[in-house]
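Accompanying notes for the structure given below.
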Amino acid sequence: MGALRRQGGWLAAVLLMVLAPSMAHGAIRYDSRTRIFRLDSRDTSYAFRIGADGKLRPLYWGARRDDAMSFPAAAADPPPGDVASSQAAQEYAGQGGGLDREPGLKLAFANGNRDLVLRYVSHEIAENGLTVRLADINEAVAVELHYAIDEATGILARSATVINRTGAPVRIDQMMAASYTLPKADGYRMRYLTGRWTGEFSVRSRTVDGAATVLESRNGNTGHQSNPWLALTSDAAADEEHGAVWFAALGWSGSWRIVTEQDDNGLVRVTGGFNPYDFAYSLRPGEQLSSPIFYGGFAPAGFGDASRRMHRFQRAQILPRRGGKLPLRKVLYNSWEATLFDVNEAGQIALADKAAALGVERFVIDDGWFGNRKDDRSGLGDWTVNAGKFPNGLGKVIAHVHRLGMEFGLWVEPEMVNPDSDLYRAHPDWVVHFPDRPRSQTRNQLVLNLARPDVRDHVLAVMDRLLRDNRIDFIKWDHNRNLSEPGWPGLAAADQQRLYVDYVRNLYWIFAELRRRHPNVEFESCASGGGRVDLGIMALTDQMWVSDNTDPFDRLAIQDGFTQGYSPAAMMAWVTGSPSWTSSRATSLRYRFLSAMQGGLGIGDRVDRWTAAETALAQQMIADYKMIRATVQQGDLYRLISPSRGAGRSVTLSVSADRQQAVLFSFSHQTKVDAPIMLRGLDPAKIYRARMIGGDPLPDGVRAEASGAMWMTQGAKIPMSGDYQAAALVLEAVS
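Using the working numbering, read the sequence shown as starting at 13 and increasing by one per residue.
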């Protein structure tokens, strides 16, 4: 990772968190005779070479190749000046020399020249990281390409840095992190995630053909409508456990773009990075700009294999660790649905008593505790405790929560402001806006221009003071609206579109600095649900709020989509009221718990209204969850039956890394199901003892003890009858 560390500044700090020093690096080699670079993990290889024309040409990406085996001769170099030279795949292409495909870098020089042809200059392999240096054929613009590969999963990390060494400003009009070229094959199809607010992470599939497919967000954050993850296969029979799959994910929490295109020769390329929509970044002489990281991987055994590799990589290298270990997500209670904005000291203390009695480990006060916050029209931006609601500050509630043996958490939304707030009245110029133009509001709020150093410093100071003055263990950091009117008054016109990049880099810097100053505080990323889920923000926060939709049936599909690219170790899910506020659907408390227990478990219901029977069931479910959460959050996930393709069923299986425990969640949404479910991932030689979550007896079709081989070949039959039924089976290896 040494090459990646040398990028300097804010990005280097984030990269160090994303690609941890403890990472087991794969091997990186260069053959000066063939001019081939190769990056090898335990079971994958990636190779490219320096062409005769000095351009970097992709060679191979797939299952590991022996040293003794030559890589496919991809490439006879096209004749100089031939049209084919502009179409032949490149590792990172400048927009020039006749290129008519998606470029990695497009820029304009001060003299009006927009032709950029990048050729190899040098390279360096250090600390198992590779930097390849390119330069334009005439102008003093340099590009550094950064590569790293994870030994355990084969996942590549690629990014680019452009450096202006000319004597005049250079305008960047498009900058991507990397292009991945897939092996030549017919019939690629692409799986990707799309959706909307309360309907995030819907799994979609389409054929890759001559028409480019663009996944993107233009609104300044990761977005609900698309997510920067995709997977591709050319195997028509590929499924969860079969077929070669290539996958990629972009680590960026602002406007992004991923383009998948097939050229005239049938090669498929995937290019990802900053979204060029409304984008321009002026580099002064001596300045540089670094791209996000575009991760890519190869899985020989289906979409499930691809997901499990991403999950393992995220747990080991992306998600923040403490003392060298990835913490388990605490069982939390959030007071939002119980109180909305009507929070006060006495009410929160009473709810904390109820939560503690259930076995909850973290109590979180949501919106309404600060400023003149009566509803969503006022107070946002004034992060001082409302003395009318909390006459003793937060101290009395926090002390009470800690005495109950729970951690204390708080909801904040520091990037936003209400026009009806002391902050806005003092600094109306601090919001993103154009002079003399309307300032569009969503949820009655505006976006603070975090790209401004003074705004960045204010947000850091406010949050630092809040954490310093109160014994807060957890922050739920929300972000409830997109950018609009993306102006930055006071900055030169040529620099105003830096907003899209500088906003996100300052956000990352704030998180990194807060984590440095308050290393024991955990953070949750929330953006009206799943509007900011990506590998960039994941490196700086401990968990993700996946959707504002907490309907347990809808959540099965949302969670199925989320886990395509992201680990259950970061996925929060709540038990909330019935009927659901989003769907008016009524479900049992048992069903709601089992749906939410497939990730980090939270409770947001009116626990003060639960009956004695409901309270007892909740206590049992929470106690059972604590016995299985390490497996659920940090084990290998098998999506046995997808809710979107399961004919009325949804079944997942989590298996611990040591294969000592497995947890099967089964849901039925039709009249009757009794077909056996074939398990996967167990140790065939181990004997496993079965029990049900929630104190239920074992169904007649489930043996009390059996070998892993039996569970995987004969299965477990868990009969269910009626809509919205659920059961969970735990298997423990017998020593």
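We put the beta carbon where it would ideally sit given N, CA and C, even for glycine.
From the DSSP output, in three-state form, read off residue i for me.
i, result
"H236", "coil"
"P465", "helix"
"F49", "strand"
"G314", "helix"
"H491", "coil"
"Q631", "helix"
"Q672", "coil"
"P70", "strand"
"T283", "strand"
"E136", "strand"
"L472", "helix"
"A642", "helix"
"N456", "coil"
"S537", "strand"
"G417", "coil"
"R77", "coil"
"N277", "coil"
"H158", "strand"
"L519", "helix"
"D636", "helix"
How would you call residue i, buried or exposed, if buried means at least 16 neighbouring beta carbons within 10 angstroms?
i, result
"L41", "Checking the sequence shown, residue 41 turns out to be Arg, not Leu. With fewer than 16 Cβ atoms within 10 Å of its Cβ, R41 is classed as exposed."
"R621", "exposed"
"L352", "exposed"
"K386", "exposed"
"E717", "exposed"
"A190", "buried"
"T683", "exposed"
"G166", "buried"
"P33", "In this predicted model, P33 has a pLDDT of only 37, less than 50, meaning its place in the structure is not dependable enough to derive any value."
"G255", "buried"
Does the beta-carbon distance from residue i to residue j come in below 8 Å?
i, j, result
"D563", "S592", "yes"
"Y72", "S53", "no"
"R366", "V619", "Checking the displayed sequence, the identity of residue 366 turns out to be Lys instead of Arg. In this structure, V619 lies closer than 8 Å to K366 by Cβ."
"A318", "T272", "no"
"S206", "S238", "This sequence places Thr at residue 206; Ser is not what is there. Yes."
"P696", "G660", "no"
"G263", "D514", "no"
"M665", "L629", "First, the residue type needs correcting, since residue 665 is Leu and not Met in the sequence shown. No, Cβ-Cβ distance for L665 and L629 is not below 8 Å."
"E114", "R281", "yes"
"R464", "W442", "yes"
"Q300", "D162", "no"
"N150", "N494", "no"
"L242", "Y204", "yes"
Starting from residue i and walking both ways along the alpha helix (DSSP H), at which residues does that stretch end?
i, result
"M584", "No alpha helix (DSSP H) holds M584; the beta strand (DSSP E) holding it covers M583 to V587."
"K366", "E357 to L370"
"R567", "P564 to G577"
"S592", "Where S592 is concerned, there is no enclosing alpha helix (DSSP H), given that its DSSP letter is neither H nor E."
"F605", "L601 to A608"
How far does the beta strand (DSSP E) with residue i in it reach, from first residue to last?
i, result
"D148", "G141 to D148"
"P403", "P403 to L406"
"R510", "Where R510 is concerned, there is no enclosing beta strand (DSSP E), given that its DSSP letter is neither H nor E."
"A169", "L168 to N176"
"W258", "V257 to G263"
"A702", "I699 to M704"
"T206", "R201 to T206"
"Y58", "T56 to I62"
"W557", "Q555 to W557"
Straight-line CA distance for residue i to residue j?
i, j, result
"S747", "M202", "44 Å"
"V340", "F535", "Note that residue 340 is Leu in the sequence shown, not Val. Their Cα atoms are separated by approximately 13 Å."
"L253", "R671", "Correcting the residue identity first, residue 253 is Glu in this sequence and not Leu. Using only the alpha carbons, I get a separation of about 18 Å."
"A106", "L552", "Looking at the sequence shown, residue 106 is not Ala but Gly. Cα to Cα, G106 sits roughly 32 Å from L552."
"P731", "I689", "10 Å"
"V533", "K638", "21 Å"
"L694", "A674", "8 Å"
"G336", "R327", "11 Å"
"L649", "R320", "7 Å"
"G502", "S452", "20 Å"
"Q99", "G109", "10 Å"
"E136", "Y159", "11 Å"
"Y293", "F286", "11 Å"
"A598", "G706", "20 Å"
"E467", "A608", "The question names Glu, but residue 467 is Val in the sequence shown. For V467 and A608, the distance between alpha carbons rounds to 37 Å."
"F306", "R170", "5 Å"
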